[in-house]
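Visitor: Numbering (my numbering), first residue to last: 1 to 219.
Got a structure for you, written out below as structure tokens; questions coming shortly.
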Ligand SMILES: *Cc1c(COP(=O)(O)O)cnc(C)c1O
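Structure follows, in structure tokens:
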């Protein structure tokens, strides 16, 4: 068996039954994605619209494309026809644009709210207050062409396991609250190559793995 397939299997086995492995394919050439596809991998994550736009037409139509990176409003239109799940909704204007583009394409676009759980200034995400305001608007029906599927978060990049653990545990509590209010919220997307074990321990059912599957990125 292809080594790549073995790595994919390794991660899939760790997931709960309702879990998804997102193979983070940013910076990888299309041939590499095709190899993973041939192992049965169908969920791929990209963090740049431009790269997603280039790869999507070259690969099979049953791939489920996950937008995991910071998303600019003016680029939503390019991915609106096919994106399977947007993990990174972190402001109202962005959600409004997703709703608008989804309507244009006659579809409903599934998304996650990205919650700020890390301390670093560089990490995007909704603050607790902004999240609760936006959730209220969503629940009031302001974005009818979108579907809230759950929450995403990135922990602080630190060797301090207890800190990462606390941040993921916080997001899990938010997720449990959300699930009671919004029945379609089924995904908790947290954990990447260096912290997926802590994420899974805290109830993640989507992990986003790049390096662990494909090796170190060049840049
Ligand atoms: C790159 C990236 C990942 C995967 O990172 P690895 O360390 O390569 O597993 C996960 N989530 C997001 C949002 C990313 O940008």
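Yeah, the Cβ is synthetic: ideal placement off N, Cα and C, and Gly gets one too.
1. According to DSSP, what are the bridge partners of residue 65?
2. Are the stretch 160-176 and the stretch 134-142 in contact at 8 Å, needing three or more beta carbon pairs?
3. Which of the three DSSP states is assigned to residue 23 in this structure?
4. State buried or exposed for residue 208, treating a residue as buried only when at least 16 other CB atoms are found within 10 Å of its CB.
5. Return yes when at least one heavy atom of ligand 1 lies under 6 Å from the C-beta of residue 192, else no.
6. Would you decide whether residue 10 is buried or exposed? Buried here means 16 or more other CB atoms lie within 10 Å of its CB.
7. Please state whether DSSP places residue 193 in a helix, a strand or coil.
8. For the stretch 156-196, list the alpha helix (DSSP H) runs that are entirely contained and at least 4 residues long, ordered along the chain.
9. Do the stretch 109-121 and the stretch 33-52 touch if we need at least three Cβ pairs shorter than 8 Å?
10. Do residue 94 and residue 39 count as a contact pair if the criterion is CB distance below 7 Å?
11. Can you tell me where the beta strand (DSSP E) with residue 114 in it begins and where it stops?
12. Consider the C-beta atom of residue 24 and the heavy atoms of ligand 1; say whether any pair is separated by less than 6 Å.
13. Quick check: the stretch 195-209 against the stretch 178-185, are there 3 or more CB pairs under 8 Å?
14. What do you reckon, is the C-beta of residue 211 under 6 Å from a heavy atom of ligand 1?
15. Among residues of its own chain, excluding the 5 on either side of residue 14, which ones have a beta-carbon nearer than 7 Å to its beta-carbon?
16. Does DSSP classify residue 89 as helix, strand or coil?
17. Quick one: give me the first and last residue of the alpha helix (DSSP H) that residue 32 is part of.
Guide: Concretely, from the data shown:
1. Numbered from 1 along the chain shown, position 65 holds the residue referred to as residue 65. In the DSSP assignment, residue 65 is bridged to 44.
2. no
3. On the chain shown, position 23 is the one that residue 23 refers to. Three-state DSSP puts residue 23 in a strand.
4. Here residue 208 refers to the residue found at position 208 when the chain shown is read from its first residue. With 16 or more Cβ atoms within 10 Å of its Cβ, residue 208 is classed as buried.
5. As a working note, residue 192 is residue 192 in the chain shown. Answer for residue 192: yes, Cβ within range of ligand 1.
6. Counting from 1 along the chain shown, the entry for residue 10 is found at position 10. Label assigned to residue 10: exposed.
7. Position 193 of the chain shown holds residue 193. Residue 193: coil per DSSP, three-state reduction.
8. The alpha helix (DSSP H) runs lying completely inside the stretch 156-196 and spanning 4 residues or more are 161-181, given in chain order.
9. no
10. Here residue 39 is taken as the residue at index 39 of the chain shown, counted from 1. Here residue 94 is taken as the residue at index 94 of the chain shown, counted from 1. For residue 39 and residue 94, no; Cβs fall outside 7 Å.
11. Stepping through the chain shown from its first residue, residue 114 is reached at position 114. It spans 109-115 - the beta strand (DSSP E) in which residue 114 sits, taken as one unbroken run.
12. Taking the chain shown and counting its residues from 1, one reaches residue 24 at position 24. In terms of side-chain proximity, the C-beta atom of residue 24 is found nearer than 6 Å to a non-hydrogen atom of ligand 1.
13. no
14. The residue given as residue 211 occupies position 211 in the chain shown. Yes, since a heavy atom of ligand 1 falls inside the 6 Å radius drawn around the Cβ of residue 211.
15. To locate residue 14, count along the chain shown from 1; it is residue 14. Here the set comprises 200.
16. As a first step, residue 89 is located in the chain shown; it is residue number 89 there, counting from the start. In the three-state scheme derived from DSSP, where H, G and I count as helix and E and B as strand, residue 89 is classed as strand.
17. Position 32 of the chain shown, counted from the start, is the residue given in the question as residue 32. Its alpha helix (DSSP H) spans residues 30-38.
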